[in-house]
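Participant: Residues 1 to 571 (the UniProt record's numbering) make up the sequence shown, in order. Cβ atoms here follow ideal geometry from the backbone N, Cα and C, with glycine treated the same way. Quick caveat, the model's predicted, so the values are computed rather than measured. Take this structure first; my questions come after.
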Amino acid sequence: MKNDKAHITLTAGGAVLARMKAIGVDYIFANSGTDFPPIIEGLAEANAKDIELPNALVMPHENAAMGMAHGYYLATGKTQAVMAHTNVGLANCAIGAINAATEHVPVILMSGRTPVMEQGRLGARTVPIGWGQEMRDQAAMVREASKWEYELKFPEQVPDVVDRAYAIASSVPKGPVYVSLPREVLCEPCPGDAIDAPLRMQPVRVMPPKESLEDAARILANAKNPVIIAQRGTGTAEAFDRLSSLVDQWGIPVVQYWAIQLALGTDHPMMAGMDPAPWLKNADAVLVIDCLAPWSPDIHTLRPDCKVIQIGQNPLYSRFPGRNFAADLSLTGETGDVIMALADALDRHHGDHREMCADRREKVAAINAGTRKKALAVADAGSVDPMSKAYVSRCLSEAIVGRSATVFSELGCPLEPLSLSEHGSWYQEPHSGGLGWSFPASMGYQLADKDKLVVATMGDGSYMFANPTACHQIAEALELPILILVLNNNEWGAVRQSVTGMYPDGYAAKTNQMPLTGLKPSPDFTKVAEASRAWTAKAERAADLPEILRRAIAHIDTNRTHALVEVTIAP
1 MKNDKAHITL
11 TAGGAVLARM
21 KAIGVDYIFA
31 NSGTDFPPII
41 EGLAEANAKD
51 IELPNALVMP
61 HENAAMGMAH
71 GYYLATGKTQ
81 AVMAHTNVGL
91 ANCAIGAINA
101 ATEHVPVILM
111 SGRTPVMEQG
121 RLGARTVPIG
131 WGQEMRDQAA
141 MVREASKWEY
151 ELKFPEQVPD
161 VVDRAYAIAS
171 SVPKGPVYVS
181 LPREVLCEPC
191 PGDAIDAPLR
201 MQPVRVMPPK
211 ESLEDAARIL
221 ANAKNPVIIA
231 QRGTGTAEAF
241 DRLSSLVDQW
251 GIPVVQYWAI
261 QLALGTDHPM
271 MAGMDPAPWL
281 KNADAVLVID
291 CLAPWSPDIH
301 TLRPDCKVIQ
311 IGQNPLYSRF
321 PGRNFAADLS
331 LTGETGDVIM
341 ALADALDRHH
351 GDHREMCADR
361 REKVAAINAG
371 TRKKALAVAD
381 AGSVDPMSKA
391 YVSRCLSEAI
401 VGRSATVFSE
411 LGCPLEPLSL
421 SEHGSWYQEP
431 HSGGLGWSFP
441 ASMGYQLADK
451 DKLVVATMGD
461 GSYMFANPTA
471 CHQIAEALEL
481 PILILVLNNN
491 EWGAVRQSVT
501 GMYPDGYAAK
511 TNQMPLTGLK
521 PSPDFTKVAE
531 ASRAWTAKAE
541 RAADLPEILR
551 RAIAHIDTNR
561 THALVEVTIA
571 P
């Protein structure tokens, strides 16, 4: 804050914003409505009184607001805020809240509440939607995805409520919280003396007991056939590097099954592909690193004597009613912190197992080299017309080689053919499956680092779910130079795969046009992007894709505006 607030009074609407800035919130991703007059007046009031506020960004759709807050957290590790309009705006936030909850992403989600009073008080109902948008239980729309919820009752509560929201969202296990903001309360004056005070409620950090770490280290050190399954990365760049050296030293294969974030470089000798089946059948110890579903019980089985260690912010994923994976030992905490502590414990055992580790490493590396070679060969074989998703990944990998880049994929480019070796270089859509995530999440990530090359890859259905007109408007308005690849196969490919997986010889699999999966006729997606002055191109032939990607990236490097490439791929 620039001024002493002891003698300044703000409206509660302005105080909410000022308090968030004071405790470290950089951005409020906002979609305003008729409940926003005290918020907008508060912004203007704070500016007139020289009070620092978070950057309030206009979001033409709430799904984009939630996705950008999600992506900004992935880039920075900092909790951000989303502000929406009463129940209808909150409804549009619900998918993003579900995604954030599944992935332990902290977000302070706020929405207005329809005025209670019909007359006689500043902020009372003034238009018919004041009646039409009232609900008995507005918070119910996001309750299952929220760690905590509250409705602001009095203006003097602002500092305490904002602090509690931030602390709970940012505590392990992290996740979204929801605060309802009635219009009448936001219109009332709020004392300014506590607005810029230090955060009075610190987030909770958790670490497993030393004895549990030692037990886990002993299990892994004595295992003949240990395997690691990772889905949500390693938490930090330091832990990423430590895990890379740890598995190399111990000769432990790492399977990235349905990976959401990168835990190990795709070219690392211990990178064992995406399929856990060949490793689980002989495993006598499995280390599960932050996995909602580390394998599929319907098709994968463990030895009866196999020990399972699960680590992460919430290793048992208690928010989900049905999840019955074994956990002989659970290590709870920030994933990066636990990896570092477990690695230290394992170091004390390595001297007794050095020869065994060296022999195992040699065998595992040989198997993994064959797996990697096969994956790249499959990708290269997709260089036909129409091309495969794996081939698009291969071309993208070659286009970004040698530079720091982050790839987002939502039913877009698969991970296996890419060559990635850095923490934070890969993010896939949340396992909750709320579509329309990749485009806005990549923009939130780019907002945190405009000099980095950020690539959003998605299917044609995912692109349409993202409300692309709104997202392109944001990309242009905020000057976010992302590269967007829309892999267009004119269908819901994930739905087709699910049907053929369950009924491989069924009637649907034999039809030329599977029911409820087609998206023909396809829109011309380049025209949507061109409406917001994006650079665009179509890649209909496999031979043309490498040069088109080169030109798209050159445009971004030179002009610093976003680019879209629509790629025709096979069903």
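Specify, as a first and last residue, the run of the alpha helix (DSSP H) that proline 159 falls within.
Facilitator: As a first step, residue 159 must be located in the sequence shown, where it is residue number 159. Residues 158-169.
Participant: Rounding to the nearest angstrom, what Cα-Cα distance links lysine 288 and arginine 323 in this structure?
Facilitator: To locate residue 288, count along the sequence shown from 1; it is residue 288. To locate residue 323, count along the sequence shown from 1; it is residue 323. Before going further, note that residue 288 is valine rather than lysine in the sequence given. A direct Cα-Cα distance of roughly 14 angstroms separates valine 288 from arginine 323.
Participant: List the endpoints of the continuous alpha helix (DSSP H) containing phenylalanine 439.
Facilitator: By 1-based counting over the sequence shown, the position of residue 439 is 439. That run of the alpha helix (DSSP H) goes 438-448.
Participant: Using a Cβ-Cβ cut-off of 7 angstroms (strictly less than) and excluding sequence neighbours within five positions of lysine 389, which residues of its own chain qualify?
Facilitator: One-based indexing of the sequence shown puts residue 389 at position 389. Excluding residues within five positions, the ones whose Cβ falls inside 7 angstroms are Cys413, Pro414, Leu487, Ile569.
Participant: What residue range does the alpha helix (DSSP H) around tryptophan 250 cover?
Facilitator: Taking the sequence shown and counting its residues from 1, the one referred to as residue 250 is at position 250. Element bounds for tryptophan 250: 237-250.
Participant: Does methionine 502 pass the burial test, meaning 16 or more other C-beta atoms within 10 Å, or should it be called exposed?
Facilitator: The sequence position of residue 502 within the sequence shown is 502, counting from 1. So methionine 502 ends up on the exposed side.
Participant: Just to check my reading of the structure: proline 54 and tyrosine 27 have Cβ atoms closer than 8 angstroms, yes? What is that Cβ distance to the nearest angstrom?
Facilitator: Walking along the sequence shown from the start, residue 54 turns up at place 54. Walking along the sequence shown from the start, residue 27 turns up at place 27. With a Cβ gap of about 6 angstroms, proline 54 and tyrosine 27 count as contacting.
Participant: Quick check on cysteine 413: does DSSP put it in helix, strand or coil?
Facilitator: Mapped onto the sequence shown, residue 413 falls at position 413. For cysteine 413, the secondary structure class from DSSP, reduced to helix, strand or coil, is coil.
Participant: Measuring CA to CA, which of Pro189, Ile309, Arg113 is closest to glycine 130?
Facilitator: Translated into the one-based positions of the sequence shown, residue 130 becomes position 130. With distances taken between Cα atoms, glycine 130 lies closest to Arg113.
Participant: Glutamine 202 CB to nearest chain D CB: under 7 angstroms?
Facilitator: Structure shown: chain D not included; a single protein chain is present.
Participant: Applying the criterion that 16 or more other CB atoms from any shown protein chain within 10 Å of the CB defines a buried residue, is glycine 506 buried or exposed?
Facilitator: Position 506 of the sequence shown, counted from the first residue, corresponds to residue 506. Glycine 506 comes out exposed.
Participant: When the distance is taken between beta carbons, is leucine 331 closer than 7 angstroms to aspartate 215?
Facilitator: Within the sequence shown, numbered from 1, the residue matching residue 215 stands at position 215. Within the sequence shown, numbered from 1, the residue matching residue 331 stands at position 331. Not a contact, by the Cβ cut-off of 7 angstroms.
Participant: Out of Glu151, His70, Ala230, Gly351, which has the shortest C-alpha to C-alpha gap to phenylalanine 29?
Facilitator: Within the sequence shown, residue 29 is the residue found at index 29, counting from 1. When only C-alpha atoms are compared, the closest one is His70.
Participant: Is DSSP giving threonine 406 helix, strand or coil here?
Facilitator: If you number the sequence shown from 1, residue 406 lands on position 406. Note: threonine 406 maps to strand in three-state DSSP.
Participant: Would you list the one or two residues that DSSP bridges to residue 634?
Facilitator: With the chain covering only 1 through 571, there is no way to say anything about residue 634.
Participant: Between the beta-carbon of leucine 17 and the beta-carbon of glycine 192, is there less than 7 angstroms?
Facilitator: Along the sequence shown, one-based indexing puts residue 17 at 17. Along the sequence shown, one-based indexing puts residue 192 at 192. Against a cut-off of 7 angstroms, the Cβ pair of glycine 192 and leucine 17 comes out as no contact.
Participant: Using the C-alpha atoms, what's the distance from alanine 97 back to alanine 44?
Facilitator: Numbered from its first residue, the sequence shown carries residue 44 at position 44. Numbered from its first residue, the sequence shown carries residue 97 at position 97. If I take the Cα positions, the gap works out to 29 angstroms.
Participant: To the nearest angstrom, how far is the alpha carbon of valine 162 from that of leucine 57?
Facilitator: By one-based count along the sequence shown, residue 162 stands at place 162. By one-based count along the sequence shown, residue 57 stands at place 57. So the two alpha carbons sit approximately 19 angstroms from each other.
Participant: Report all residues from its chain with a CB closer than 8 angstroms to the CB of lysine 2; omit the five preceding and five following residues, and keep chain order.
Facilitator: Here residue 2 is taken as the residue at index 2 of the sequence shown, counted from 1. Caution is warranted here: a pLDDT of 46 is assigned to lysine 2, below 50, making its placement in the model unreliable, and the coordinate value is therefore given only provisionally. Same-chain partners within the cutoff: Asp50, Ile51, Glu52.
Participant: Classify isoleucine 299: buried if its beta carbon has 16 or more other beta carbons within 10 angstroms, exposed otherwise.
Facilitator: Here the question's residue 299 lines up with position 299 in the sequence shown. It counts as exposed.
Participant: By Cβ distance, which residues of its chain are closer than 7 angstroms to tyrosine 178, with the 5 residues on each side in sequence left out?
Facilitator: By 1-based counting over the sequence shown, the position of residue 178 is 178. The residues are Leu109, Ala139, Val142, Ser146, Glu149.
Participant: So, helix, strand or coil for lysine 389, using DSSP?
Facilitator: As a working note, residue 389 is residue 389 in the sequence shown. Note: lysine 389 maps to helix in three-state DSSP.
Participant: For alanine 379 versus tyrosine 391, is the C-beta spacing smaller than 7 angstroms?
Facilitator: Translated into positions along the sequence shown, residue 379 becomes position 379. Translated into positions along the sequence shown, residue 391 becomes position 391. The answer is yes: Cβ separation under 7 angstroms.
Participant: Considering only C-alpha positions, which residue in the set Lys307, Gln119, Ala65, Pro386 is nearest to valine 94?
Facilitator: Taking the first residue of the sequence shown as 1, we reach residue 94 at position 94. The sequence given here has alanine at residue 94, not valine. The shortest Cα separation from alanine 94 among Lys307, Gln119, Ala65, Pro386 belongs to Ala65.
Participant: Going by C-alpha to C-alpha distance, which of Ile168, Gly132, Glu134, Leu186 sits closest to glutamine 157?
Facilitator: Here residue 157 corresponds to residue number 157 of the sequence shown, with the count starting at 1. Residue Leu186 is the option with its Cα nearest to glutamine 157.
Participant: DSSP on arginine 550, reduced to helix/strand/coil?
Facilitator: Counted from its first residue, the sequence shown places residue 550 at position 550. It is helical.
Participant: Quick one: what does DSSP say residue 573 is sitting in, helix, strand or coil?
Facilitator: Because the chain here runs from 1 to 571, residue 573 falls outside it and cannot be looked at.
Participant: Output the distance between the C-alpha atoms of leucine 292 and leucine 483, rounded to the nearest integer angstrom.
Facilitator: Taking the sequence shown and counting its residues from 1, one reaches residue 292 at position 292. Taking the sequence shown and counting its residues from 1, one reaches residue 483 at position 483. Going from the Cα of leucine 292 to the Cα of leucine 483 covers about 30 angstroms.
Participant: Tell me which same chain residues have a C-beta within less than 8 angstroms of the C-beta of alanine 15, skipping the five on either side of it?
Facilitator: Position 15 of the sequence shown holds residue 15. Here the set comprises Gly42, Pro155, Val158, Pro159, Cys190, Gly192, Ile195.
Participant: Nearest to glutamate 62 by CA position, among Asn47, Val82, Pro315, Lys78, is which residue?
Facilitator: Residue 62 sits at position 62 when you count from the first residue of the sequence shown. Of the listed residues, the one whose Cα sits closest to glutamate 62 is Val82.
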